[in-house]
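A.B. asks: I am attaching a structure below and will ask some questions about it afterwards.
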Amino acid sequence: MRISTTSCLCPFLVCLCFIQRCYGASHHVPAKVPSKNQTKLANGETEVHHRPKRGWIWNQFFVLEEHMGPDAQYVGKLHSNSDKGDGSVRYILSGEGAGTIFIIDEVTGDIHATKSLDRERKTHYVLHAQALDRNTEEALEPKSEFIIKVQDINDNAPKFPDGPFVATVPEMSELGTSVLQVTATDADDPTYGNSARIVYSILQGQPYFSVDPKTGIIRTALANMDREAREHYTVVIQAKDMAGQVGGLSGSTTINITLTDVNDNPPKFPQKNYQLYVPESAQVGKPVGKIKANDEDLGINADIKYSIINSEGANMFSISTDRDTREGVISLKKPLNYERKKTYTLHIEGMNTHMDPRFSYIGSFKDTATLKISVGDVDEAPVFSMDYYIMDVYENAPSGTEVGAVTARDPDSRNSPVRYFMDSKEEGERYFRIEESSGVVRTTQPLDREDIPWHNITVMASEVDNPSLLSHVPVTVQVLDVNDNPPEIAADGEVIVCESSRPGQVIQTVTAVDKDDFANGQRFYFALPSQLPVNPNFTLKDNEDSSASIIARRRRFNHLTQELYELPIVVWDGGEPSLSGTSTLTLRVCPCQRHGRIRICQGEAFLSSAGLSTGALIAILLCIVILLAIVVLFVTLRRSKKEPLIISEEDIRENVVTYDDEGGGEEDTEAFDIIALRNPAAAEELKFRRDIRPEVRQHCGPARNRQSPSVDLNLSTRRHA
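Read in order, the letters of the sequence shown are residues -24 to -1, 1 to 697 in mature numbering (1 follows the signal peptide of the UniProt record, and there is no 0).
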């Protein structure tokens, strides 16, 4: 089968066809092995069956895109060598677009495109062709594949997918400074012709900017463009295909270019001389006026630092920069006084804080102006001679004692009289008063340093002619100390005396405290009261360092014998006059732990470890004693019930006591009660306990005037047979 197209076959395809034909013509198989087209005869010869060579040679078909003609576009022709032109061969087409986009004439094999094709949507179509015998429907040629390529035409204009653009470039840039690169795209085939070959040009923005025709880089075309003169530029760039030739398609985009600021303009005051009125009552540290220098730059390039460059103005005033308004704010450093100075001259300088060395040739980026300040006279409040006063007075001074005096004057030229008074809201008014005309401060009652050592009061002054103008001054009054408090022993707890203390052993060292000032109470003296007899147990030694030592005078103390001792101590201070006080210390005797090295009572240590107080321990011990007494009483009662009420005869005979004393006769009725011998029931009441020795009775007979004999009834010593 042969394929023909409306276009000429390229030499390369012709060569391929020639090679294929030559290969088919020269192909042979060795004689020993017959091929499928050979038959071996009986005589040993081989018969070759010749079959016509088919011309089923394939190539690419080409079809132009965007065909707009009324008829279908002819693509090419399929032809088989088996086709004799008698219509016995039927051509069939299948694959992409077969029957819809591409149709074939079954008889002639002509292929046509029925629709307009777009290469940008689909670049090629893969189809299959087959030649059949129309009568037998047998395949004359095997099914073969071929491609129809859509041939490109210049039907797409260049586009800028990212446009429009925004770009910036610093002002005063050099010629040729790169601003931005733009890139256009073309949907046409870049490998075929010049349909996608783009050239850039500038349509708007000259003479300030230019564009590279190949790369699309936009550059400055004018040097030293000034932002203050013009800030925004609009540049239009065109992209044209076909290498810019006539008939090429084009697209354009817009670039908005802004010149960014650089510090190329110095600050400048609108005028050289300014005037300002400031009343003398202006407060120190508060703003009194503003001044501003203009700078055409933006942002940090327009930041200005103001300063006062002459000493006259810098001593009285200060200037700072308001970052929002870029104004110089003038403030007062010291109080103004119209009577002393009525005018001030300030030389103010404004200078950029961020300078660009590239523009140093322009000059210094600063400017100066002169400000004349006039001080206004106002009626001022009285002024005290001092900012604060410190006074002192001795404690216990009588009421009306002078403490000190304050003075104030009218600063105005009129020199109006001044009156003084105290702030009624303060607590200090209870203790002090001030004389209205002289300003003398006096006490209203005796003061106690130990109660309040310092007093803070506020004294106010006003003009007699204008009482509404007030001034205040703080006054601090120190109450000086006098020796009016006797010293006392500083008791740090209970004094422990160990039972094992020896004579001369230091029991404890004591110190003293004094409510008076340190100057009067720094030295103390100690002694035992002289009016009391000598203490046999303890003595006191003055250590001459404001402390004293309690010393034991005897050996061995016993807390069971005496647990508590009282020791009065007299202490004197070193004040003038000297005062003394007597303090009584309580000394507790108890066994000490570790041979007296740590003076903690064993009982106290036990209580401390057990968590019990002394009262609780006493209560527990008392309960134990009561319980023991009850037990003993109960046992005694049980034993007494087991003893016989009548002593046996044997016991009576064996326990008769013989003595030589003569009885008292009938009158001696109290020597011995014989009722027990006559009445056994009465003996129960007079029965003696065997474990208790009977009481010895002595009776003196009135007639005989002599002592009756004593009887020792010790039942525990009787003998048993």
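C-beta: ideal position from N, C-alpha, C; glycine also.
Everything numeric in this text was worked out from a predicted model, so none of it was measured.
Helix, strand or coil, according to DSSP, for Tyr337 in the structure here?
C.D. replies: Three-state result, Tyr337: helix.
A.B. asks: According to DSSP, is Gly275 helix, strand or coil?
C.D. replies: In the structure shown, Gly275 sits in a helix (DSSP, three-state: H, G or I).
A.B. asks: Alpha carbon to alpha carbon, what distance is there between Ser340 and Ile267?
C.D. replies: Cα to Cα, Ile267 sits roughly 20 Å from Ser340.
A.B. asks: Taking Pro429 as the reference, which of Leu445, Val455 and Thr420 has the closest Cα?
C.D. replies: Among Leu445, Val455 and Thr420, the Cα nearest to that of Pro429 belongs to Val455.
A.B. asks: Exposed or buried, which one is Gln421 when buried takes at least 16 other CB atoms within 10 Å?
C.D. replies: Its Cβ having fewer than 16 others within 10 Å, Gln421 is exposed.
A.B. asks: Would you mind listing the beta strand (DSSP E) stretches within the segment 369 to 447 that are 3+ residues and don't spill past its ends, in chain order?
C.D. replies: With a minimum length of 3 residues, the continuous beta strand (DSSP E) runs that stay inside the segment 369 to 447 are 378 to 381, 394 to 398, 408 to 410, 416 to 419 and 430 to 439.
A.B. asks: For the beta strand (DSSP E) containing Ala107, name the first residue and the last one.
C.D. replies: First-last of the beta strand (DSSP E) with Ala107: His100 to Asp109.
A.B. asks: Quick check on the burial criterion: 16 or more other C-beta atoms within 10 angstroms. Buried or exposed for Ala595?
C.D. replies: With fewer than 16 other Cβ atoms within 10 Å, it is exposed.
A.B. asks: Assess contact between the segment 171 to 183 and the segment 265 to 283, defined as three or more Cβ pairs (one per stretch) separated by less than 8 Å. Is contact present?
C.D. replies: Counting Cβ pairs under 8 Å, fewer than three are found: no touch.
A.B. asks: Give me the Cα-Cα distance between Asp81 and Asn170, rounded to the nearest whole angstrom.
C.D. replies: When rounded, the distance between both Cα atoms is 36 Å.
A.B. asks: Of the residues Pro134, Asn57 and Val382, which one's Cα is nearest the Cα of Thr229?
C.D. replies: For Thr229, the nearest C-alpha among the options comes from Pro134.
A.B. asks: Is the distance from the Cβ of Asp240 to the Cβ of Ile174 below 8 Å?
C.D. replies: No, they are not a contact pair.
A.B. asks: Pick from Lys491, Glu552, Thr485 and Asn519: whose alpha carbon is nearest that of Tyr501?
C.D. replies: Checked all of Lys491, Glu552, Thr485 and Asn519; the closest Cα to Tyr501 is Asn519.
A.B. asks: Arg316 by DSSP, collapsed to three states: which one?
C.D. replies: Three-state result, Arg316: coil.
A.B. asks: Compare the Cα-Cα distances from Arg334 to each of Gly224, Ser149 and Thr452 and report the closest residue.
C.D. replies: When only C-alpha atoms are compared, the closest one is Ser149.
A.B. asks: For Thr419, I'd like the list of residues in its chain whose CB is within less than 7 Å of its CB, leaving aside the five on either flank, ordered along the chain.
C.D. replies: Closer than 7 Å at the Cβ level, and outside the excluded window around Thr419, lie Val369, Ala373, Ser375, Gly376, Thr377, Val379, Tyr407 and Phe408.
A.B. asks: Which residue from Arg564, Asn313, Gln221 and Thr99 puts its Cα closest to that of residue 712?
C.D. replies: Because the chain is modelled from -24 through 697, residue 712 falls outside the range shown and cannot be assessed.
A.B. asks: Taking the straight line between their C-alpha atoms, what separation do you get for Leu108 and Arg95?
C.D. replies: Roughly 32 Å between the two C-alpha positions.
A.B. asks: Report yes if the C-beta distance between Leu116 and Ser70 is below 8 Å; otherwise report no.
C.D. replies: Not closer than 8 Å, so no.
A.B. asks: Would you call the segment 284 to 295 and the segment 230 to 250 touching, i.e. three or more CB-CB distances under 8 Å?
C.D. replies: No, the segment 284 to 295 does not touch the segment 230 to 250.
A.B. asks: Check this for me: beta carbons of Ala466 and Val482, under 8 Å apart or not?
C.D. replies: Going by C-beta atoms, Ala466 is not nearer than 8 Å to Val482.
A.B. asks: Are the CB atoms of Val471 and Val451 nearer to each other than 8 Å?
C.D. replies: No, the Cβ-Cβ distance between Val471 and Val451 is not below 8 Å.
A.B. asks: Three or more C-beta pairs under 8 Å: does that hold for the segment 191 to 199 against the segment 248 to 256?
C.D. replies: No, the segment 191 to 199 is not in contact with the segment 248 to 256.
A.B. asks: Distance check for Pro118 and Thr112, CA to CA, integer angstroms please.
C.D. replies: Taking the straight line from one Cα to the other gives about 15 Å.
A.B. asks: Would you report the Cα separation of Gly480 and Pro512, rounded to the nearest angstrom?
C.D. replies: Going by the C-alpha atoms only, they are around 12 Å apart.
A.B. asks: My understanding is that Pro463 touches Leu508, with C-beta atoms under 8 Å, so please give their C-beta distance in whole angstroms.
C.D. replies: Actually they do not touch by this definition, with Cβ atoms about 19 Å apart.
A.B. asks: Flag this pair as yes or no: are the beta carbons of Gln36 and His43 separated by less than 8 Å?
C.D. replies: No. Outside cutoff.
A.B. asks: Which residues in the same chain as Tyr365 place their Cβ atom closer than 6 Å to its Cβ, once the five residues preceding and following it in sequence are excluded?
C.D. replies: Closer than 6 Å at the Cβ level, and outside the excluded window around Tyr365, lie Val382 and Val451.
A.B. asks: What's the gap between the Cα of Leu225 and the Cα of Asn132?
C.D. replies: Cα to Cα, Leu225 sits roughly 7 Å from Asn132.
A.B. asks: Excluding the 5 residues preceding and the 5 following Thr634 in the sequence, name in chain order all residues of the same chain whose CB lies nearer than 6 Å to its CB.
C.D. replies: At Thr634 the pLDDT is 49, less than 50, meaning the model places this residue with poor confidence and gives no usable figure here.
A.B. asks: Find out if the Cβ-Cβ distance for the pair Glu411, Ile433 is shorter than 8 Å.
C.D. replies: No, Cβ-Cβ distance for Glu411 and Ile433 is not below 8 Å.
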